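Step one of this worksheet: look at the structure below.
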Amino acid sequence: METIKIAGTEDTPSVTLDTGSQLLEIAGRSLPEDVAVFYNPVLDWLDKYSENPMAKTVFNFKLTYFNTASSKMILDVMMKLESLHAVGKEVLVKWFYPEDDEDMKEAGAEYADIVDIPFEQVGYNS
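Numbering (the working numbering), first residue to last: 592 to 717.
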């Protein structure tokens, strides 16, 4: 499976989709100018990944900020993971948020309510 590594910028998150190291992660700030151009490779990768997933899929979201357009794409990523879970694959979403950021904590809780997958909220000191 091809690895995707995208370095984060001021406006785009870093993305690591690496089955070799078992690291699937989106981290940083997400406000890309064109969310479809940025996130479509991630969604395409997840489509291919779902054909032959790891025994357990753990996807880390370590976002510090995201805009409204990104929120829809993040949900699309989670829907792909939900599809995996629906066919009996082991999936866990880990939503990391700074402990002093109620908005990011609430965003994680809202996503957890929308998708039917195991979801873990992880607060950390920023």
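Glycine is no exception: its CB is placed at the ideal position from the N, C-alpha and C atoms. On a predicted model such as this, the values are computed, not experimentally measured, just so you know.
query                                                                                               : result
Tell me, please, which residues DSSP counts as bridged to residue 688.                              : 714
Per DSSP, which one or two residues make a beta bridge with residue 657?                            : 621
Please state whether DSSP places residue 665 in a helix, a strand or coil.                          : helix
Determine which residues share a DSSP beta bridge with residue 649 and list them.                   : 683
Please name the residue in 614, 662, 628, 622 whose C-alpha comes closest to that of residue 640.   : 614
Just the C-alpha distance for residue 676 and residue 626, rounded to the nearest angstrom, thanks. : 25 Å
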